[in-house]
Every structure is written in C-alpha cells, then in structure tokens.
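Chemist: Pasting a structure here, questions to come.
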Amino acid sequence: MIGLRFIGIVCLLVICCCTSARGMEDRPRIIVTTDGEADDRASFVRFLLTSNEFDVEAIVNSSSEFHWVGGKGWNAFHPVEWIAEYIGYYAQVYPNLLKHSKDYPSPDELLARWKVGNISAVGEYATRTEGARFIADILLDNSDSRPIWLQAWGGCNTVAAALKIIQEDHPERMAEVASRLRLYLIWEQDETYQQYIRPQWEPYGIPTIISDQFDCMAYIWPKVLPSEVKPYFEKAWMKAQILEGHGPLCDAYPNKQGAFNAEGDTPAFLHTIPTGLRNRESPAYGGWGGRYVRVRGNVWMDPLPLSDYVYPSGQWGIANSWSKRLEHATDTAEINVRTRYFKPLWRWLDDIQNDFAARADWCVEEYESANHPPVVSLAQALLDVSAGVGEVIEWDASGSTDPDGDTLSFRWWHYAEAGSYAGHVEGVSTPKFSFRIPEDARVGDTIHLICEVRDSGTPALTRYCRVIVTVVG
Ligand SMILES: [Ca+2]
Ligand SMILES: [Ca+2]
Numbered sequence: 125m126i127g128l129r130f131i132g133i134v135c136l137l138v139i140c141c142c143t144s145a146r147g148m149e150d151r152p153r154i155i156v157t158t159d160g161e162a163d164d165r166a167s168f169v170r171f172l173l174t175s176n177e178f179d180v181e182a183i184v185n186s187s188s189e190f191h192w193v194g195g196k197g198w199n200a201f202h203p204v205e206w207i208a209e210y211i212g213y214y215a216q217v218y219p220n221l222l223k224h225s226k227d228y229p230s231p232d233e234l235l236a237r238w239k240v241g242n243i244s245a246v247g248e249y250a251t252r253t254e255g256a257r258f259i260a261d262i263l264l265d266n267s268d269s270r271p272i273w274l275q276a277w278g279g280c281n282t283v284a285a286a287l288k289i290i291q292e293d294h295p296e297r298m299a300e301v302a303s304r305l306r307l308y309l310i311w312e313q314d315e316t317y318q319q320y321i322r323p324q325w326e327p328y329g330i331p332t333i334i335s336d337q338f339d340c341m342a343y344i345w346p347k348v349l350p351s352e353v354k355p356y357f358e359k360a361w362m363k364a365q366i367l368e369g370h371g372p373l374c375d376a377y378p379n380k381q382g383a384f385n386a387e388g389d390t391p392a393f394l395h396t397i398p399t400g401l402r403n404r405e406s407p408a409y410g411g412w413g414g415r416y417v418r419v420r421g422n423v424w425m426d427p428l429p430l431s432d433y434v435y436p437s438g439q440w441g442i443a444n445s446w447s448k449r450l451e452h453a454t455d456t457a458e459i460n461v462r463t464r465y466f467k468p469l470w471r472w473l474d475d476i477q478n479d480f481a482a483r484a485d486w487c488v489e490e491y492e493s494a495n496h497p498p499v500v501s502l503a504q505a506l507l508d509v510s511a512g513v514g515e516v517i518e519w520d521a522s523g524s525t526d527p528d529g530d531t532l533s534f535r536w537w538h539y540a541e542a543g544s545y546a547g548h549v550e551g552v553s554t555p556k557f558s559f560r561i562p563e564d565a566r567v568g569d570t571i572h573l574i575c576e577v578r579d580s581g582t583p584a585l586t587r588y589c590r591v592i593v594t595v596v597g
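Be aware that the sequence shown starts at 125, since it is given in our numbering, and climbs by one per residue.
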C-alpha cells in the first residue's frame, strides 16, 4: 500500500507542470498609513525600492501617540511633505530601477496616491479627511477581488476614520469590505483600535496582526539582535551596501552616523512581499514580516516569550509590550528568551538585508552588473500534500532558475514552529528532497518544509518555496 501511494506521488511529479513559487502568490494590494517618524522615513526608502512587488493603492499620513500636529519636542510632527520629498528622490533613480524591473510604479502614480489623513491630534478619527475618504473609496471598490493589506506604521486613527465612513454611509457593506481587508499594525499606537475598530469591525473576522517583534528592526536593534545578523546593520555594511554610491534615494536614507538607525515599520510591508514563503496565507506560517499566534477571533500577536506572560486584553503598545520588558535584560537566561522571541523575524534578516542591498544597486547599476533574485520552481500539486506515517514524498526544485545565470544552492529544512509536528527532520542541501513521514507523527499533524534557493551573485539573493504536509490515517 505504501509502495503504491509512493508511486502515485512520484507520478504526480512527472505529469504536473512546474510553477515558479513566486508565480503562485498573487500580487498584493497595499495601503500604508504613516506617522512620519524618522524610522518611517527610513522604512519608506526600502518601501519605494520594494514597490515593484505590490500594487500601492494609497500612502496616507496619519498621527500616532508619538507624533501629531502640535506635538512638541520628540512628539513633533514631521511636515507631511516628506512623502513627496522621498518620491522626488525615487523619481531620480526610477529610470534606472526600470532596467531591473518593469513593475516599478511611476513617481506620478505614487504621488497621485498620496493623501493626508487624520493628523490633528492623537487618536482623532471623527474627521472625514481626504486620506480617510480615499482609503474608504478603495475599500468599497469591489472591482478587484484581491485582498487589501492595510498597514498602520503609526496610530490606527486614519484607518478607523475610513472604516467609520463605510459604517455610516454603507452599513450593509461592512461584511463585504471586511472580507477583503487584512490589517498589519505596528503596535497599537493610539486607542482607536480598542475604542472603535475592535468593537465595530473585529466581529467580522478581519485577519489582523498586531506586531511587537517588529521592534528588533527598530531603535533597540543593537541590544537585541544576535551576532549572526548584527553585522548587516553596522556601519561598515550599511555604508558599503546602501549609503555610499547608490544615488539620491539611498543618500536620503535616515541613518545613525552611517549605521542602521531604525526601520520599525518595515515588517508591515516585508510581510506582503511574494518571496515564496506563503506567509500571507496565515500569520502562523511565518515569513519576512514575522510569525504570529492567534489570540482571539482572527487577531494575531507574537508567540509568548515567557510562561508567566499573558496576552494583553486592551491596547497593546509601548506601555505593555514584551519587547520593552525584555529590552534591558542582563540575565543570560532572559537574554536567551529575548533572542528566541525575536527569532521569527531575525532568522530572515540576512536575506532581507541582502535583498535591500541588491535594490540599492539597482538605483545606479546596469542590469548586467547587478544581482536579481532566483525564481524557485516546484511542482504545484506537491505544495500541499496529505500522507500517512511511513509514506515517502519527493520534491524536486531543480527546475529553479536565475535571471543572471547564477549557480543556485539549495537547502531544505523543517520550520518546526510553523507546523504542529515538533520532531526532528533531517534537512538536505540538494534540489531534491525525499521525505518519509516520521513514525512519531500523529494524524492531523502539519509539517512545514522550506526549500531555500540562494544564488551565487553579489549580494547573494534568496527566495523560497514552502511545502506543507498534513499527516492522515
Ligand atoms: Ca511609525
Ligand atoms: Ca541572481
């Protein structure tokens, strides 16, 4: 019986077409709301360099409990025109970026999608600002069935204002709008999620990530990142790869005397990049924007770092975040907990930074002298497989290609935290992976296996494919 099923699965390999892993993920539609802090402006540089990966529906200024119009000192509000200023730098490198990807949006297209939202005070969401109305119109437009990934890089107040317009003007369409909406919040940076969005919209089951692990890419990175990835943020790497000789957009990247300063909001859009990791299918899968667990309804937060922690019942932000509790840890045991806590994000940071470096090169280099990511290819029918204990499944990613003709290296590994099977799975460093369902796997277990494909270019670029095995009786 096992032999017959094995043959059946191998036959599938032969008869089904290979599809590039990236091609299987749709092109995301995204809306950014931002409070314009220095780290938002750094995130925005990377965002513009990544804008060939998604359809930018809107870029909207918002306030937060940290920054609002009239805020003094550290709470001062950076004039909204910074968006146009950075799109202006982008315009200067746009012709060269097009040599590397025809999918970059034109500067005019981006400018037309920039609107000012609710910025007059912390948590102000009563005013129908131009930004709120623009977001509401996008959410109400059902001519495109793809989800909309709405990101709060600052407070949720402009998102709340947009949703309130929809509730007041089209209450009968709330469920339909909610079905297309995905939320990724960088903390709750005001009270509007708790005051309005949670009671009025959470019951519709909008997939919502409220992230704390983003903080390892924010100001505390020198304290909390492990030595494996820290060099990618230090002065020598940042200067050579990003800050020097990469044109006006990278020249304008806010940094700390040449080192990385902070990009706390970047994970919100890293989560949407089609890398092949399939993380948009579920916050539990894990990807460049981190990995999350369900805490209530369809709301997802970071995996618990310590056994005595409980998920917050109300607003989750700087006052009660786990990253802040762990930030000043000095005890080795607590430092180890902290490193594990941030691992869902930092485990990818070498790939993420190399991706950033390649895009910085695209600002100034010809296609032939820059690197471009590999295209991972795997039989589509074998991305989700059901199999019983003892059965053997084979995958073959050797059809993967590289646009530069680079040599590719392969690594298959078990992403244990993403599935329910916690046992050891021996990985391989070949394009083919033959996997026997372990004897100790239980019916219903899921096993997530990642195929990592890295090219031999400079900087080395990595894309992935994820296969998910469900154990059946
Ligand atoms: Ca921000
Ligand atoms: Ca390449």
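Glycine included, C-beta positions come from ideal geometry on N, C-alpha and C.
Values in this document were obtained by computation on a predicted structure and should not be read as measured data.
Taking 6 angstroms as the line, does the beta carbon of Gly-581 fall inside it for any heavy atom of ligand 2?
Modeler: Residue 581 sits at position 457 when you count from the first residue of the sequence shown. The answer is yes for Gly-581.
Chemist: As a quick exercise: from Ala-511, Glu-248, Ala-540, pick the residue whose alpha carbon is nearest that of Gly-568.
Modeler: Translated into the one-based positions of the sequence shown, residue 568 becomes position 444. Nearest C-alpha to Gly-568: Ala-511.
Chemist: What's the C-alpha gap between Val-596 and Ala-540?
Modeler: By 1-based counting over the sequence shown, the position of residue 596 is 472. By 1-based counting over the sequence shown, the position of residue 540 is 416. So the alpha carbons of these two residues sit roughly 18 angstroms apart.
Chemist: Less than 7 angstroms separating the beta-carbons of Phe-178 and Pro-152?
Modeler: The sequence position of residue 178 within the sequence shown is 54, counting from 1. The sequence position of residue 152 within the sequence shown is 28, counting from 1. Yes, they are a contact pair.
Chemist: Hey, would you say Ala-302 sits closer than 7 angstroms to Ile-330, going by beta carbons?
Modeler: The count along the sequence shown starts at 1 and reaches residue 302 at position 178. The count along the sequence shown starts at 1 and reaches residue 330 at position 206. Their beta carbons are under 7 angstroms apart, which means Ala-302 touches Ile-330 by this criterion.
Chemist: Under 7 angstroms Cβ to Cβ from Tyr-249, same chain only, skipping five residues before and after it: list those, please.
Modeler: Along the sequence shown, one-based indexing puts residue 249 at 125. Excluding sequence neighbours, Tyr-249 sits near Asn-242, Asn-281, Ala-284, Ala-285, Lys-288, Thr-316, Tyr-320.
Chemist: Would you say Glu-387 and Met-341 are within 7 angstroms of each other, going by their C-beta atoms?
Modeler: The residue you call residue 387 lines up with position 263 of the sequence shown. The residue you call residue 341 lines up with position 217 of the sequence shown. Yes, the Cβ-Cβ distance between Glu-387 and Met-341 is below 7 angstroms.
Chemist: Please confirm whether any heavy atom of ligand 2 lies closer than 6 angstroms to the CB of Asp-683.
Modeler: An answer regarding residue 683 cannot be provided, because it is not within the stretch 125 to 597 covered by the chain.
Chemist: Find out if the Cβ-Cβ distance for the pair Glu-312, Trp-440 is shorter than 7 angstroms.
Modeler: Residue 312 sits at position 188 when you count from the first residue of the sequence shown. Residue 440 sits at position 316 when you count from the first residue of the sequence shown. Going by C-beta atoms, Glu-312 is nearer than 7 angstroms to Trp-440.
Chemist: Whose CA, out of Arg-237, Ser-267, Asn-266, lies closest to the CA of Glu-254?
Modeler: Here residue 254 refers to the residue found at position 130 of the sequence shown. Comparing Cα-Cα distances from Glu-254 to each of Arg-237, Ser-267, Asn-266, the minimum goes to Arg-237.
Chemist: Please state whether the Cβ-Cβ distance between Ala-392 and Ile-476 is less than 7 angstroms.
Modeler: Counting from one through the sequence shown, the residue named residue 392 turns up at place 268. Counting from one through the sequence shown, the residue named residue 476 turns up at place 352. It is not a contact, given that the beta carbons lie outside the stated cut-off.
Chemist: So, with DSSP's three-state summary, where would you put Lys-363?
Modeler: For the purposes of this step, residue 363 is taken as the residue at position 239 of the sequence shown. The answer is helix: DSSP assigns Lys-363 an H, G or I state.
Chemist: Does Thr-282 come out as helix, strand or coil in the three-state DSSP assignment?
Modeler: As a working note, residue 282 is residue 158 in the sequence shown. It is helical.
Chemist: Quick one: measure Cβ to Cβ for Trp-273 and Tyr-328, integer angstroms, because I've assumed they're closer than 8 angstroms.
Modeler: Counting from one through the sequence shown, the residue named residue 273 turns up at place 149. Counting from one through the sequence shown, the residue named residue 328 turns up at place 204. Incorrect: roughly 16 angstroms between the Cβ atoms, too far for contact.
Chemist: Going by C-alpha distance, which of Trp-198, Gly-523, Ile-333 is nearest Thr-396?
Modeler: Along the sequence shown, one-based indexing puts residue 396 at 272. Of the candidates Trp-198, Gly-523, Ile-333, the one whose C-alpha sits nearest the C-alpha of Thr-396 is Ile-333.
Chemist: Suppose you measure from the CA of Gly-421 to the CA of Ala-408; what does that come to, to the nearest Å?
Modeler: By 1-based counting over the sequence shown, the position of residue 421 is 297. By 1-based counting over the sequence shown, the position of residue 408 is 284. Each residue's alpha carbon lies about 14 angstroms from the other.
Chemist: So Ser-244 and Val-184 are supposed to be a Cβ contact under 8 angstroms. How far apart are they, rounded?
Modeler: As a first step, residue 244 must be located in the sequence shown, where it is residue number 120. As a first step, residue 184 must be located in the sequence shown, where it is residue number 60. About 14 angstroms separates the two Cβ atoms, so there is no contact after all.
Chemist: With a 10 Å radius around its C-beta and 16 neighbouring C-beta atoms as the bar for buried, classify Glu-550 as buried or exposed.
Modeler: On the sequence shown, position 426 is the one that residue 550 refers to. It counts as exposed.
Chemist: Grab me the residues of Tyr-416's own chain with a C-beta within less than 7 angstroms of its C-beta, minus the 5 sequence neighbours each way, in chain order.
Modeler: Mapped onto the sequence shown, residue 416 falls at position 292. Cβ within range, chain order: Ile-333, Pro-407, Ala-408, Trp-424, Met-425, Asp-426.
Chemist: Could you tell me whether the region 435 to 451 touches the region 214 to 221, using the rule of 3 or more Cβ pairs below 8 angstroms?
Modeler: By the criterion of at least three beta-carbon pairs nearer than 8 angstroms, the region 435 to 451 is not in contact with the region 214 to 221.
Chemist: Residue range of the beta strand (DSSP E) that Glu-576 falls in?
Modeler: Counting from one through the sequence shown, the residue named residue 576 turns up at place 452. Start and end: 570 to 579.
Chemist: Quickly, what does DSSP pair Ile-604 with across the bridge? List them, please.
Modeler: Here the chain has residues from 125 to 597 only, and residue 604 is not among them.
Chemist: Let me check you understand the geometry: is the CB of Asp-389 closer than 6 angstroms to at least one non-hydrogen atom of ligand 1?
Modeler: Taking the first residue of the sequence shown as 1, we reach residue 389 at position 265. It does: the Cβ of Asp-389 is within 6 angstroms (strictly closer) of some heavy atom of ligand 1.
Chemist: What does the Cβ neighbour count give for Ala-521, buried or exposed, with the cut at 16 atoms within 10 Å?
Modeler: Locating residue 521 in the sequence shown gives position 397, where the first residue counts as 1. Looking at its Cβ environment, which holds 16 or more other Cβ atoms inside 10 Å, Ala-521 is buried.
Chemist: Measuring from the CB of Glu-161, is there a heavy atom of ligand 1 at a distance below 6 angstroms?
Modeler: The residue you call residue 161 lines up with position 37 of the sequence shown. Within the cutoff, so yes.
Chemist: If we ignore side chains and look at the alpha-carbon of each, how far apart do Leu-349 and Pro-527 end up?
Modeler: Taking the sequence shown and counting its residues from 1, the one referred to as residue 349 is at position 225. Taking the sequence shown and counting its residues from 1, the one referred to as residue 527 is at position 403. Going by the C-alpha atoms only, they are around 32 angstroms apart.
Chemist: Please state the DSSP three-state secondary structure of Tyr-343.
Modeler: As a position in the sequence shown, residue 343 is number 219, starting the count at 1. Here Tyr-343 sits in coil by DSSP.
Chemist: By the 10 Å Cβ neighbour count, where 16 or more other Cβ atoms means buried, how is Ser-269 classified, buried or exposed?
Modeler: Counting from one through the sequence shown, the residue named residue 269 turns up at place 145. Around the beta carbon of Ser-269, fewer than 16 other beta carbons lie within 10 angstroms, which makes this residue exposed.
Chemist: Is it buried or exposed for Gln-275, if we count other Cβ within 10 angstroms and need 16 for buried?
Modeler: As a first step, residue 275 must be located in the sequence shown, where it is residue number 151. Counting Cβ neighbours within 10 Å, Gln-275 comes out buried, since at least 16 surround it.
Chemist: Do Lys-363 and Gly-382 come within 7 angstroms of each other at the CB atom, strictly closer than that value?
Modeler: As a working mapping, residue 382 is identified with position 258 in the sequence shown. As a working mapping, residue 363 is identified with position 239 in the sequence shown. A contact, by the Cβ cut-off of 7 angstroms.
Chemist: Starting from the Cα of Leu-507, find the closest Cα among Pro-498, Val-156, Glu-518, Pro-497 and give me that residue.
Modeler: Here residue 507 corresponds to residue number 383 of the sequence shown, with the count starting at 1. Considering only alpha carbons, the answer is Glu-518.
Chemist: Quick check: what's the CA-CA separation for Gln-291 versus Gln-324?
Modeler: Numbered from 1 along the sequence shown, position 167 holds the residue referred to as residue 291. Numbered from 1 along the sequence shown, position 200 holds the residue referred to as residue 324. Cα-Cα distance, rounded: 9 angstroms.
Chemist: Less than 7 angstroms between the C-beta atoms of Arg-535 and Ser-553, yes or no?
Modeler: Numbered from 1 along the sequence shown, position 411 holds the residue referred to as residue 535. Numbered from 1 along the sequence shown, position 429 holds the residue referred to as residue 553. Going by C-beta atoms, Arg-535 is nearer than 7 angstroms to Ser-553.
Chemist: Please go through the same chain and pick out, in chain order, the residues whose beta-carbon is closer than 6 angstroms to the beta-carbon of Tyr-465, but skip the five residues on each side of it.
Modeler: Looking up residue 465 in the sequence shown gives position 341. Closer than 6 angstroms at Cβ, skipping near neighbours: Pro-429.
Chemist: With H, G and I counted as helix, E and B as strand and the rest as coil, what does DSSP make of Arg-590?
Modeler: Here residue 590 refers to the residue found at position 466 when the sequence shown is read from its first residue. In the structure shown, Arg-590 sits in a strand (DSSP, three-state: E or B).
Chemist: How would you call Glu-490, buried or exposed, if buried means at least 16 neighbouring beta carbons within 10 angstroms?
Modeler: Here residue 490 refers to the residue found at position 366 of the sequence shown. Glu-490 counts as exposed, since fewer than 16 other beta carbons sit within 10 angstroms of its beta carbon.
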